[in-house]
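Residue numbers (the numbering used here), protein chains in the order written: chain A, 796 to 1125; chain B, 796 to 1125.
Yeah, the Cβ is synthetic: ideal placement off N, Cα and C, and Gly gets one too.
Reviewing the structure listed below.
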DNA sequence: TTGAAAGCGCTAACAC
DNA sequence: GTGTTAGCGCTTTCAA
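Here you go:
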């Protein structure tokens, strides 16, 4: 194995000079730097990660905790993870993958052993059990999602409130006067990630702002529930012409249910959804939608983390503005 | 930070004894071990990962390279990654996530810097450009998928040949006499992962073995192509009563196309597929299918890698036998 | 602008 | 069964 002393000898300098040439932490004469770089290339030198971590107390690794529970749309998680890896590499960092399953112990382990310098935690729940730990851990972290009390933490996510509003704005603009939100299962509103409430708030506020009649309907994510709800909606809200769906598995069944009842989309009923682009595109009628910008959230998370590692202050909350993509359903 | 010398002092032993108590690499008196464990707990000691890696030349990290290209079913990749992480933890290892994009350089980097002890590479192509590197790297690796020449490598995957055969066996058992394989796009047969050919071989061999008439039909993964092919099949193969679909995006469109042409499934046409369970379950008629056992492949990959790290010989090829799940389509 | 040298915290001979 | 100690390869003071 080639080590820094080999490079130093080959370039006719001291090991520290090689180290500084590599880190840029002190000025090096152009000529010296060139010689060092040449030696590195010639010898194929690669600094030993462990030795580096030990001497500098920086592993250049960030840990990423991904959720595995059902109900989280898997492709979005992947997209996010990929974007974290890509962004991390831009800062010369690598990504260690942890699963939710490991819980607090996993976080503590990678932090306490100095395996990771910092943490990104996905799928943060309103009353996430990991919050106290994350607050006391001596390593910076960024949470994807907003807990009930984000104090002392750094959080980022799509602005779900604004997303709900954006769908309503779009429907209002198209002239709809009576709209409904089809939301997450009742259970989700009570606990979990909190974005369900935020969408509903944004939806209602925007509807009120536009002077529209609106109603909110939690729904279980099953085709049967979709069918039942579709029928009920038409009966109880005969004026209904616009819908916001915030329940990924229901996009297709709902569309099919309404079509089966003879409604044409978008002529009789306009659909909008908050769901992955993939889902929106593959629906029977491609649905106008707002997606979680996984790529952007991932990249921004890493940026926030890097700033925190440099002790640059960062905002406690980062809300990514929604981007609505119009499709055939409206 | 609590270090091993602190623990040693607290327990009244030498640092090496603590180290050996932790690693189990030499016998320790029951009483000493108890005192050490108590000190560790009391002081909250966690060995520094970098220091460990430096002293032992083992990072206890394995690198996992995941594909991001389209055409790879994302949930399967996630399932696989999760199972690798879980299995790795059982061996006290962590997983570093790399993306295909980084290419050779990523592999070389984590190997040469001793960041990772070993590598798992997913989505290996027939003539994968990384093969020469993986052969010469001084770190053990396991490939998911089989290249054209697997010599000097350790590969694992579903036995696609047997999977093709299993679908045919199932159809033969149900009394079908004329069957067809709807395969990957023509381009895939020429290059890429090679499982397309293997499925076709297994399909044809089994059909011949059962004395069935069979035909193979590559198809582009678009609903239009599905519709066209469905029509053509009925025209050119009027006796056709059984199908094997090995083209994930086509499962739904094909089913819909046949239904639209008035065929009842399974009465007029029996369907089987090689696709993720998720796809099979969500089809208009749930499809009898063979899935890539991502969980098992992930766990086995890690096991193979761990054996290689201990210099225990492992088989060059590991083929996971297919498991067919019968559903409504047959 | 560069060099010398003291660690970083741990493991694994080697010695007893 | 346990202790002593020399590194592992790098970074970073301190000194020049």
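Beta-carbon neighbours of residue i, restricted to chain A and to distances below 7 Å
i, result
"residue 869/B", "869, 870 and 873"
"residue 907/B", "841"
"residue 910/B", "844 and 889"
"residue 953/B", "Going along chain A, no residue has its Cβ under 7 Å from residue 953/B, so there is no contact; the nearest lies around 20 Å."
"residue 821/B", "Those do not exist, as residue 821/B stays about 23 Å from chain A at its closest Cβ, beyond 7 Å."
Member of the options whose CA lies at the smallest distance from the CA of residue i
i, options, result
"residue 1039/A", "1061/A, 917/A and 803/A", "1061/A"
"residue 911/A", "883/A, 971/A and 834/A", "883/A"
"residue 1074/A", "1106/A, 1058/A, 847/A and 1041/A", "1041/A"
"residue 1020/B", "878/B, 1089/B, 1103/B and 980/B", "980/B"
"residue 957/A", "800/A, 1123/A, 1125/A and 1113/A", "1113/A"
"residue 880/A", "1070/A, 1083/A, 860/A and 1014/A", "860/A"
"residue 972/B", "1007/B, 1032/B and 955/B", "1007/B"
"residue 853/B", "797/B, 895/B and 934/B", "934/B"
"residue 917/A", "1018/A, 907/A and 939/A", "939/A"
"residue 1083/B", "1053/B, 1037/B and 1108/B", "1037/B"
"residue 959/A", "928/A, 1010/A, 846/A and 937/A", "1010/A"
"residue 967/B", "999/B, 993/B and 945/B", "999/B"
"residue 806/B", "820/B, 821/B and 838/B", "838/B"
"residue 876/A", "890/A, 865/A and 867/A", "890/A"
"residue 1034/A", "1056/A, 1102/A and 1064/A", "1064/A"
"residue 1018/B", "843/A, 1079/A and 886/A", "1079/A"
"residue 1090/B", "1072/B, 1081/B, 927/B and 942/B", "1072/B"
Residues bridged to residue i [DSSP beta-bridge criterion]
i, result
"residue 883/B", "Answer is none; residue 883/B lacks a bridge partner."
"residue 894/B", "861/B"
"residue 952/A", "1114/A"
"residue 1013/A", "978/A"
"residue 1085/B", "1069/B and 1119/B"
"residue 973/A", "1008/A"
"residue 856/B", "889/B"
N- and C-terminal bounds of the alpha helix (DSSP H) containing residue i
i, result
"residue 805/B", "799 to 806"
"residue 1048/A", "1046 to 1055"
"residue 962/B", "955 to 968"
"residue 827/B", "825 to 838"
"residue 1005/A", "990 to 1005"
"residue 770/B", "Since the first and last residues shown for chain B are 796 and 1125, residue 770/B lies out of range."
"residue 1064/A", "Here residue 1064/A belongs to no alpha helix (DSSP H), and DSSP marks it neither H nor E."
"residue 927/B", "926 to 931"
"residue 1023/B", "1018 to 1031"
"residue 851/B", "844 to 851"
Interface residues of chain B facing residue i [CB-CB closer than 9 Å]
i, result
"residue 1059/A", "Those do not exist, as residue 1059/A stays about 19 Å from chain B at its closest Cβ, beyond 9 Å."
"residue 890/A", "891, 892 and 893"
Contacts that residue i makes with chain A (C-beta to C-beta distance below 8 Å)
i, result
"residue 899/B", "The contacting residues do not exist; residue 899/B stays about 14 Å from chain A at best."
"residue 881/B", "894 and 896"
"residue 1001/B", "Within 8 Å Cβ-Cβ: nothing; residue 1001/B doesn't reach chain A, min ~33 Å."
"residue 943/B", "Those do not exist, as residue 943/B stays about 28 Å from chain A at its closest Cβ, beyond 8 Å."
Terminal residues of the beta strand (DSSP E) in which residue i lies
i, result
"residue 946/B", "Segment: none, residue 946/B is in no beta strand (DSSP E) and carries neither H nor E."
"residue 1096/A", "Not the beta strand (DSSP E): residue 1096/A falls in the alpha helix (DSSP H), residues 1089 to 1104."
"residue 1037/B", "1037 to 1040"
"residue 914/B", "913 to 916"
"residue 936/B", "936 to 939"
Chain-ordered chain B contacts of residue i [CB-CB under 8 Å]
i, result
"residue 838/A", "Ordered by position in chain B, no residue passes the 8 Å Cβ test against residue 838/A, which lies about 12 Å from the chain."
Cross-chain neighbours of residue i in chain B, by beta carbon under 7 Å
i, result
"residue 1052/A", "Result: empty, since nearest Cβ-Cβ is about 15 Å, beyond 7 Å."
"residue 863/A", "877"
"residue 1122/A", "In chain order: nothing, as chain B lies at least about 16 Å away."
heavy atom of the ligand NAD below 7 Å from residue i C-beta
i, result
"residue 895/A", "Although the ligand NAD was asked about, the structure shown includes no ligands whatsoever."
Contact list for residue i against chain A, beta-carbon separation under 9 Å
i, result
"residue 784/B", "Since the first and last residues shown for chain B are 796 and 1125, residue 784/B lies out of range."
Q | Under 7 Å (Cβ pairs) to chain A, residues found in the stretch 843 to 858 of chain B | A | Those would be 843, 844, 845, 846, 848, 849 and 854, in chain order.
Q: Would you list, in chain order, the members of the stretch 1096 to 1107 of chain B that have their beta-carbon closer than 9 Å to a beta-carbon of chain A?
A: none
**Q.** Proximal residues, the stretch 915 to 933 of chain B versus chain A, C-beta separation under 9 Å
**A.** none
Q: Note down, in chain order, all residues in the stretch 974 to 993 of chain B with a beta-carbon under 9 Å from any beta-carbon belonging to chain A.
A: none
**Q.** Contact set between the stretch 1003 to 1027 of chain B and chain A, restricted to residues whose Cβ is under 9 Å from the partner
**A.** none
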